[in-house]
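In UniProt numbering, the protein residues as written are 1 to 327. Notes follow the structure.
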């Protein structure tokens, strides 16, 4: 079988582009802009015969006379004007290449893997996500909810860009900073006998069944809530537990028992009549939510921007401004 010459598969335009000496185009542009072969030779630091030969070779390649030249005559032909306009655009584009590459280098892209505890609600994160999507559309997000311990493990093994969660014990390999503070209140659902009752005290909560978070323990992340239960003698029978806020909320709504939820997270449920706030109304337990990062993880630019933004907010914004609801 006869071998196929790849050049034979090309169109005439493709063969022209592949075989053309592009230096001829540059010489042509300089000749036109200089207004003569002699002036162009000076700019190109070449001899006049070499520049004249370059023009002749280009005319042979395109199959048209480009410049009428002779004694006292130097004028572009119609073909020459058309070619010069295209060459001017071409070299303008080449001149912009450094700006294009710098802009590409400056573009922020990449995937950000954020691991969160299930009840993370803060404008610090929400506003940042909106701004990143608006300003850097090349960024992709992967957001996963997990237990606070699971979040910390993901940050430690570097599968998470950063984590936001409650913290019981700090791991020595990770960095921790309080991102925001929230308060927990006790709530019941519409079918509960305490729903809708005013003037209640902690004593009224005694004897009623409870639902709780898995970390609601004196030795775990929700120690302040567990401590309040203990101090108020509210050691109710716990009929349901979950590590997920939505499931704790579901059990409260279904009337399984009294449970603690972040006040700012469920305020909409209270306003809509789905949940009823129970005492204590003053000095509810405060819980800190941490930004957890791994100094050993190599971050892409998108990850670094988001982490730096959150760390800057922590460093510059008083904790009172990062407390929900405001004290």
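All C-beta atoms in this analysis are idealised placements derived from N, C-alpha and C, irrespective of residue type, glycine included.
About 6 Å separates the Cβ atoms of residue 274 and residue 253, confirming a contact at the 8 Å cut-off. Closest in alpha carbon position to residue 134, among 271, 153, 270 and 108, is 108. Contact between the stretch 307 to 318 and the stretch 211 to 230 is not established, with fewer than three Cβ pairs separated by less than 8 Å.
Unbroken alpha helix (DSSP H) stretches of 4 residues or longer found wholly inside the stretch 220 to 296: 223 to 231, 245 to 253 and 267 to 271, given in chain order. Within the same chain, and ignoring the five residues on either side of residue 36 in sequence, the residues whose Cβ sits closer than 7 Å to its Cβ are 74. Considering only 296, 182 and 204, the residue with the shortest C-alpha distance to residue 285 is 182. For the alpha helix (DSSP H) assignment, the uninterrupted runs of no fewer than 4 residues enclosed by the UniProt domain "HTH lysR-type" (20 to 77) are, from N- to C-terminal side, 22 to 34, 37 to 44 and 48 to 62. Annotation for residue 59: 65 and 66 place their beta carbon closer than 6 Å to its own, counting only its chain and skipping 5 residues before and after. By the criterion of a C-beta distance shorter than 6 Å, residue 185 is surrounded in its chain by 263, 277 and 284, once the five residues flanking it on both sides are discounted. In this structure, the CA atom of residue 149 is about 14 Å from the CA atom of residue 114. In the DSSP annotation of this structure, the continuous segment of the alpha helix (DSSP H) that includes residue 133 starts and ends at 123 to 135. Nearest to residue 209 by alpha-carbon distance, out of 191, 258 and 137, is 258.
Here residue 139 carries a strand assignment [DSSP, helix/strand/coil]. Three or more Cβ pairs closer than 8 Å define a contact, and the stretch 290 to 298 meets that threshold against the stretch 159 to 175. Following the DSSP letters along the chain, one finds residue 111 inside the beta strand (DSSP E) bounded by residues 110 to 116. Between residue 256 and residue 240, the CB-CB gap stays under 8 Å.
Bounds of the alpha helix (DSSP H) holding residue 305 are 301 to 316. If you compare the alpha carbons of 216, 205, 117 and 191 with that of residue 163, the shortest gap goes to 117. In the assembly as shown, residue 201 is an exposed residue. Its beta-carbon has fewer than 16 other beta-carbons within 10 Å.
Under a 10 Å Cβ-count criterion, residue 189 is classified as buried, with 16 or more other Cβ atoms of the shown protein chains found around its own Cβ.
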